[in-house]
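Report on the structure given below.
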Amino acid sequence: MKTEQLVASLVADRAGSARPLGRSVSRAVLAGALVSLVIFALEFGPRVDLAAALATWRFDAKLVLVLAALMAASVACLAMARPVTTARWRWAVLPVPLIAAAALGTELAVLPAGTWEARLVGSNALVCLTAIPLFALAPLMALLLAMRRTAPASPALAGAACGALAAAAAALIYAFHCFDDSPLFVLTWYSLAAIPVVLLGAAVGHRLLRW
Amino acid sequence: MRAARKGDDEAYRRLLLLVAAWLRGVASRGLAAAGRPNADCEDIVQETLLAMHLKRDTWDETQPLQPWLRAIARHKLVDHLRRRGFADHVDIDDHSDTLAAPAAAEEGSALDARQMLASLPERQRRIVEGISIEGQSAKDVGVRMGMSEGAIRVTLHRALRALADAYRKDRT
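Same order as they appear, the protein sequences are chains A and B. Each residue of the first sequence is one higher than the last, beginning at 634 in my numbering. Each residue of the second sequence is one higher than the last, beginning at 3 in my numbering.
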């Protein structure tokens, strides 16, 4: 087959399928998160004092932090999906450490030093470490499959970004179950729980996202 | 590319042919730098065109097209060189006389690409042949094979993806 002949097939195939990347990525996250929501509803359930918790600054700060991480990971994921990456996505990550530092600073200023350790260890650490990776599995799989259409400059990095995005989505769900709202707890255990997801994403992405 | 996204077939055809000509230069320079014979050149061009076509959604409209194209071309060239391994490395001096006479751009690859086509399932192969080699429209092929135009397009898309996979896996 000559190149000119191949071109005829490519032109005939052109119709229709120019879907924006952002839409397929967000659709994959949503579909995966729905599966996780079902697990959440069946096995975990929201915390009983949800309404009261919503009024506390710690719970709100937790939500803001997780949402910022979700935004940052989405932008990073879309950036990593392309063969050429501009540095713009880094700006989206910036709010995360800023919010984290502000929440942490406030917490340390409000609480006497003696109670820090109890807040840091919390009461849910083990649940947190299992629930977040569990909730992240379905979104991660959906994301990686959606990303096969893309052309990442580095498949491993793109996979890691998928892992981060899946972990952030999982954290958002889990946040409604967890009683430990202290920024000390959230920053420590949520991040630790995200690590295996990111690593898994990178490992699978390295194989699956090659093109 | 922008026009092509809006549905301008003719613009897309012109773009692909322009890119193919540019790729031919990139690929033969790359092969020469790696000390390879130029025979694979057209294969690289076709594989890269396929990748560019299948991955066209990853081009960000707010960015210039060229860096994106160059990144795909580089990726495919490196991929190709790595796949072939460096075992059959030829010293460029031994072939300086044959290098001096460039073959007609496309001759070397026609056979190889036909083998690629042969690896496709029967129906996919007939559609690609109908459109590419016999120059029919998707509609005509559909009439001949008793399929709707939509079904033809779906199968064609699958065939192109399979072709891209075949390029990636077949050569070790």
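No residue lacks a Cβ here, since even glycine has one placed at the ideal position from N, Cα and C. Just so you know, these numbers come straight off a predicted model, no measurement behind them.
By alpha-carbon distance to Ala786(A), the top candidate from Met3(B), Trp61(B), Leu19(B) is Trp61(B).
Neighbourhood of Leu778(A) in chain B, by CB distance below 8 Å: empty, with the nearest CB roughly 14 Å away.
Scanning its chain for C-beta atoms nearer than 6 Å, with the 5 sequence neighbours on each side dropped, one finds around Leu122(B) the residues Ala161, Ala164, in chain order.
DSSP places Val708(A) inside the alpha helix (DSSP H), whose first and last residues are 690-713. Around the beta carbon of Trp724(A), fewer than 16 other beta carbons sit within 10 angstroms, so the residue counts as exposed. Chain B has no Cβ within less than 7 Å of the Cβ of Asp813(A).
Annotation: Val658(A) to Ala714(A) spans about 10 Å, alpha carbon to alpha carbon. For Gln48(B), at least one C-beta of chain A is nearer than 7 Å to its own C-beta.
A straight-line Cα-Cα distance of about 19 Å links Pro653(A) and Ala705(A). Here the C-alpha atom of Leu675(A) lies approximately 26 Å from the C-alpha atom of Val754(A).
Note that the C-beta distance between Pro716(A) and Ile74(B) is below 7 Å. If the five residues before and after Val143(B) are omitted, its C-beta is found closer than 7 Å to the C-beta atoms of Ile129, Gly132, Ile133, Ile154, all from its own chain and listed in chain order. Judged by DSSP secondary structure, His77(B) falls within the alpha helix (DSSP H) whose first and last residues are 67-86. A Cβ-Cβ distance of about 6 Å is found for the pair Leu773(A) and Cys795(A), placing them in contact under the 8 Å criterion. DSSP places Gly148(B) in the coil class of the three-state scheme, outside both helix and strand. In this structure, the beta-carbon distance from Pro679(A) to Phe809(A) falls below 7 Å. Where Gly32(B) is concerned, the enclosing alpha helix (DSSP H) starts and stops at 11-35. Secondary structure note for Cys761(A): its alpha helix (DSSP H) is the uninterrupted segment 758-780. Your pair Gln48(B) and Leu639(A) checks out as a contact, with CB atoms roughly 5 Å apart and the cut at 8 Å. Take Cys710(A), set aside five residues on each side of it, and the residues of its chain with a beta-carbon closer than 7 Å to its own are Val658, Ala794, Cys795, Leu798, in chain order. For Met54(B), the enclosing alpha helix (DSSP H) covers residues 43-56. The C-beta distance from Arg15(B) to Val644(A) rounds to 5 Å, short enough to meet the 8 Å contact threshold. Annotation: the continuous alpha helix (DSSP H) that includes Thr739(A) extends over 728-743. The Cβ atoms of Leu17(B) and Met3(B) sit closer than 7 Å to each other. Against chain A, the beta carbon of Ser121(B) has no neighbour under 7 Å; the closest one sits roughly 12 Å away. Selection Arg170(B), Ala5(B), Ala35(B), Asp42(B) evaluated against Thr636(A) yields Asp42(B) as nearest (Cα-Cα). Put simply, the CB of Arg647(A) is near chain B, with a gap under 7 Å to one of its CB atoms.
For Pro716(A), the neighbours in chain B by C-beta distance under 8 Å run, in chain order, Lys57, Thr60, Trp70, Ala73, Ile74, His77. At least one CB of chain A lies nearer than 7 Å to the CB of Val130(B).
Contacts with chain A (Cβ-Cβ distance below 7 Å) from the segment 13-25 of chain B involve Tyr14, Arg15, Leu18, Leu19, Ala22, listed in chain order. Taking each of Leu832(A), Leu762(A), Ala664(A), Ala694(A) in turn and checking the Cα distance to Pro730(A), the smallest one comes out for Ala694(A).
Per DSSP, Asp62(B) lies in no alpha helix (DSSP H) and is assigned neither H nor E. Arg128(B): member of the alpha helix (DSSP H) spanning 124-130, first to last residue. For Leu670(A) and Pro829(A), the gap between their C-alpha atoms comes out near 20 Å.
Exposure of Lys171(B) is indicated by the presence of fewer than 16 other C-beta atoms within 10 angstroms of its C-beta. If you draw a straight line from the Cα of Leu825(A) to the Cα of Gly665(A), it comes to about 21 Å.
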